[in-house]
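Residue numbers for the sequence shown follow UniProt numbering, beginning at 1 and rising by one. Glycine included, C-beta positions come from ideal geometry on N, C-alpha and C. Quantities reported herein were computed from a predicted structural model and do not represent experimental measurements.
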Amino acid sequence: MAAALMSSQRVISVWMHRTVRYVAGSLVMALFCVGANADGLNPRESFFEEKVRPLLIEHCYECHGDALQESDLRLDSLGTILQGGISGPAAVAKNVNESLIIDAVLGRRGMEMMPPDGPLEEDQIVTLRRWINMGLPWPANADDPEDSNSEGMTPALGDQQAIGQVAKSHWAFQPLQKPKVPTTSKPADQKAKHQNQPAHPIDAFVASSLERNGLTPGRIASREVIVRRLHFDLIGLPPTFSQVQAFVNDERDMDVVVAEWIETLLSDQHHGERWARYWLDLARYGDTRDWQAQAELRYPYAYTYRDYVIESLNKDKPYDQFVREQIAADFYAEDADSPSLAALGFLTVGPRFRNNRLEQIADKIDVVGRGLMGITVSCARCHDHKYDPIPTEDYYSLYGVFASCDLPETLPRIETEVSFSDEMKADFQAQLTAKQNELSEYKADLRMQAIADLKKQLPKYLDGFYLLSIARGKDIRGVIGQLKIKETAMTPLNTRLAADLKNRSDISHSVLGPWNQALSANKKQFETQLPRWMKSWAANEDLNPLIRDGLIASNPKTQRELIAAYAGVMDDVLQAWKATSKSADAKNDHRAIKLADPDQEAIRQLLMAEGGWFDLDVEAVARASRLLGKGRKELGDREKAIAAVESTHPAAPPRAMVLVDAKKPVNPFVLLRGEANRRGDRVPRQFLSLLSNVSDGPFTDGSGRRELAEAITSAENPLTARVLVNRVWARYSGRGLVDSLDDFGLRSSPPSHPELLDWLASEFIEQGWSMKWLHRTITTSHTYQQSSDLREDAFAIDPENRWLWRQNRRRLDFEAMRDSIVSVAGTIDLTVGGRSVKLSETPYTTRRSLYAYVDRLELDPILRTFDFASPTASAASRAETTIPQQALFFMNHPFVAEQSRELADRIADEVDDNKIDAATITALYRRVFSRDPSADEITMAKRFLVAAAEADGQALGRVWRYGWGNIASKPKRAGDPADDFMPLPYWSGKAYQASEAFPDPKLKFLRLSATAAHCGVNPAHSIIRRWVAPADGAVRIASKLTHARPNGDGITVSIRSGDFRTTDEVARGTINPSVARLSVKAGDVIDFVASPGANSNSDSHTWTITIAGIDGELNGDRWQSQKDFAPPAPQPLGRADQLAQALMLTNEFLYLD
């Protein structure tokens, strides 16, 4: 099935034809091509769901969603779109010209261009226009607050008094009271065995609802279905064939077998991994921060939070303790290195918003409010909540909690059971110390350069101080640009002088008395008092004579002139010191060289002694260097090098991403409309007024995080347990008892089974907040174990299955899909815990998908394809999209091909037979489906194998080759006697080179990447980028080659094909080798060769090439060396490999029945 891995559309279509013929409709292509009407939507509503909603989510909801409504505009429901914001309705049905959303995305009619991070693509704007012209179709009740008020009455938006009245009867805000389990008849297929046993409580509640609605429960699913369902739901991995057989053939009572199996899976270490993924979505887990120029973006220790979650779930840590630790672990930890401190990652692994503190705190409030209690507190940031009883004061009370916390400069090490050899520890410390020393040396050098410039240009720096801190007419960038001085000196000096002036009132100081007196006055005071001060200074015998004489001589009229007078005197002293230091012993510390004149020495001491003006703080200098791009990069590169060691070295000790209380807690002001410069009243740090029965007084213990955590986990809090139970239920059923998993406010629909929800929540608390109790209770129920079969009579009454008359069929999420692939292939790495891995880097990792590296800036394309939760905000659920890229991943991605090959190879070893017969097919079925194939399936598989062509070893569709050879050769076709082209065999992940070692012991620096290359040591080791003509015709060649290395003697480059050849030489410059027309036959080669000069050092160069077909079969085609550059083509698949891949593309493999 090599065709499935190639880019050629012809070959792919052939493969698809064969594959679809084999699977007869069960392939993933059928899965991924389900029509929109399957959801009961009309075509216009389907257009909205497929095109418009994803566009709004990606580009609009961040600023105009439930958490934030800039300009009072919300775009996540039809009602709020029609209501609009301060400028009017956002859209008018069937009237594009009157729809402000179109004006905004076009930036017309005085509207600011939206979205702010870059304009929409043209096709996206067309989508919005089309949606408006359709009449703004929006599926009924979908996300529309006007349609979903569960109490049947809609108070005016933001009317907290009216909202509060409605809230008194809202189901989610009612105290938890455990309802009595109803008495009901048992399902027919259970009566015989369990006549004298009470019904399972869940089944009793569900049966009661079914009876009221004229429905009956479904039959229990087959044992094969149940064991697979349990494995995926509890550990996220498929059962093996032997496990399924053991479950199916166990002759004991079904309930006994299921109960034992559940206990085994709950005690499995992989249970915590499965359920950690859901929690990490809630915690908006990421391994990096969001973008900030030249900043180190990685969170080297984010993984310790993930490990904490896994371990907590495996140990069945009580949920209330689990939550408390994630808000205030530092209040509960007994030891400074307690592993539980890693729990605080819940608050700290989120985005950093370019260090915008307002946004950082808003993020923490959201993850705590919506993530833990299902209440959208963040909607009250700019005004009282429009829908729920949350006044703005409540938001800022919580704001005060997190504003009273800081990130420590050094993260604490935490205890770990993992041990490393002394050699590994020493290697880590050596690498870390080396990088830290590089940073320290760089900072020290910055400081010395800054001090040197202060000595050289002190008058300019003091004038800069005047402009920044006295006149305050310019910013730092303007000052350093105008005066041509260093930001690394000006910034810390200005900070020091301004602080001294503010804190020192010593007007009798022998050197700085006039300075302090004159510059601490305002302009009017200075002008009024200066004549008197001048007389006083002139008569002051205690004043340094050099300063006194300088002031008298210059007779300053302004504060700037007074500073200039000081600068002149000080500069004279520096020049005197310079002359003295030149004659001193070079080994002496120049700071210790004193001036003979005591008046000069007093001024020198002020400037140069320890604690003097020139004794710049090295960290202040380093911070100042970030002002300009070059400085940010230089400092950032060295900080990144340290983070790289800490985040990648296997022996790096784990640290917890903690939050600590500030020394002085904050009682914040309400920020009117959320604007930092508009303050309202102060509010105390306290819990939500909505839940005042839980905690009704101000927080007094430091920041209040501990009190907040205890209020959230109080048994009296009506939200926390309900929200958690509902989310867990949704994972098992595909849908919550309450549809909105992260919003239990007034806009939420009521539970489908309110008594069941409250019974589960109440019992959950009574059972010690045990998560495993909750898993056990749900999975032992008949409701969970029902078949997913569709019954027409029940469907006619309840097409959405709200009353749970069957189990819902569910598509595996991405993690379970990918983990299943590596599991059945036998390559899975089941190591629990540890650092993140990059899924798309080669060689492909086989660790569980939970450990994928989550980069907020460049989310792995595989994660994007499969609806991975955005790490920018707390997510209680994921979207489930159906897009072609998902099918293409399974058909074409090298990772899937690699695992298919591994699976087939493993089967070949197991059956010990080179023939692909019924035994091979059976072994594949057992691996992939955990069952034996039927006779018909064996026949179909054999037909597939006959139709599948054996791989021929050719990398179809690849026209570029990468290697080396002699520049003097004249090959016309690959394999010609004149062809000495040798492929570069090793792929580093970014470049082709001679071996894993670089430089290679024999071929040295030979290397070739998308744009760059380096020659070998002589012309026989020239680097070659080869193009192979795919058909007959003629081409035109244009290229750009740059050799910019200052130390090299240049390179010789050639474009050659048989007897045709161009030759150019270039050294430290750019040339454009080109060919107007070159005729080729299919299979002819065109080589782009670079050879070293006499000196093979510094021969790095870049060469980008465009080949355009201008005649024959090549006419109109185009090849670009940089764009076409790719890793080595995967080895083509054999027939057994193809069959293995085809089975992994089926619905049976990718769905949970």
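Return the Cβ separation of V658 and P339 in integer angstroms, given the expectation that the two are a contact with Cβ distance under 8 Å.
Not quite, the Cβ-Cβ distance comes to about 12 Å (not below 8 Å), so this is no contact.
Helix, strand or coil, according to DSSP, for G963 in the structure here?
In this structure, G963 counts as strand in the three-state DSSP scheme.
Counting Cβ pairs, one atom from each stretch, are 3 or more of them under 8 Å apart for the region 618-626 and the region 476-492?
Cβ pair count under 8 Å is three or more, so yes.
Suppose you measure from the CA of A567 to the CA of S510; what does that come to, to the nearest Å?
16 Å
Would you report the Cα separation of Y282 and R352, rounded to the nearest angstrom?
Correcting the residue identity first, residue 282 is Leu in this sequence and not Tyr. Their Cα atoms are separated by approximately 17 Å.
Would a C-beta distance cut-off of 8 Å place A521 and Q529 closer than the cut-off?
yes
Counting only runs that start and end within the region 612-651, where is the alpha helix (DSSP H) found for 4 or more residues in a row?
The alpha helix (DSSP H) runs lying completely inside the region 612-651 and spanning 4 residues or more are 618-624, 629-648, given in chain order.
Please state whether DSSP places I262 in a helix, a strand or coil.
Residue state, collapsed to three classes: helix.
Please report the distance separating the alpha-carbon of S99 from that of Q69.
18 Å
Which class does S77 belong to by DSSP, given the choice of helix, strand or coil?
Correct three-state label for S77: coil.
Check whether the Cβ atoms of E325 and Y332 lie closer than 8 Å to each other.
yes
Does the region 274-289 come into contact with the region 665-685, if we say contact requires no fewer than three beta-carbon pairs (one atom in each stretch) closer than 8 Å?
No, they do not touch.
C-alpha gap between A471 and F465, whole angstroms:
9 Å
Whole-angstrom distance between P556 and P531, CA atom to CA atom:
10 Å
First and last residue of the uninterrupted beta strand (DSSP E) at K1040
1033-1043
At which residues does the alpha helix (DSSP H) containing L446 begin and terminate?
422-465
Nearest-angstrom Cα distance between K502 and S469?
Cα to Cα, K502 sits roughly 11 Å from S469.
Going by beta-carbon coordinates alone, are S752 and L737 separated by less than 8 Å?
yes
Sorted by chain position, which residues of the same chain lie with C-beta nearer than 6 Å to F402's C-beta, five sequence neighbours on each side aside?
I361, K364
Select from H383, F814, L790, E273 the residue whose C-alpha is nearest the C-alpha of S312.
Selection H383, F814, L790, E273 evaluated against S312 yields E273 as nearest (Cα-Cα).
Residues near L238 by beta carbon distance below 8 Å, same chain, minus five either side
For the sequence presented, residue 238 should be read as Pro rather than Leu. Hits under 8 Å: R228, H231, F232, S820, S823, V824, S930.
Contact check, I1037 vs V1089, beta carbons under 8 Å:
no
Taking Q245 as the reference, give the member of V52, R223, Q429, A852 with the closest Cα.
Ranking the options by Cα distance to Q245, first place goes to R223.
I'd like the list of long-range same chain contacts for Q9, defined as Cβ closer than 7 Å, with 5 residues on each side in sequence excluded.
Low confidence applies here, because Q9 scores a pLDDT of 31, under 50, leaving its location unreliable and the question unanswered by this model.
7 Å CB neighbourhood of L1139 in its chain, flanking five on each side removed:
Excluding sequence neighbours, L1139 sits near L924, A941, F944, L945.
Beta carbon of S689 nearer than 8 Å to that of D394:
yes
To the nearest angstrom, how far is it from the Cα of F866 to the Cα of G975?
If I take the Cα positions, the gap works out to 43 Å.
Is I327 near L297, with beta carbons less than 8 Å apart?
no
Per DSSP, what kind of secondary structure is L659 in: helix, strand or coil?
coil
Under 8 Å: do the region 432-439 and the region 454-463 share three or more Cβ pairs, one atom per stretch?
no
Do G963 and A1029 come within 8 Å of each other at the CB atom, strictly closer than that value?
no
Hey, would you say N133 sits closer than 8 Å to V96, going by beta carbons?
yes
Pull the bridge partners of K1004 from the DSSP assignment, please.
D1000
Give the single residue among I57, S1009, A991, R447 whose Cα lies nearest to the Cα of E619.
The candidate whose alpha carbon is nearest that of E619 is R447.
Cβ contact check for the region 1085-1101 and the region 1046-1058: 3 or more pairs under 8 Å:
yes
Is DSSP giving F669 helix, strand or coil here?
strand
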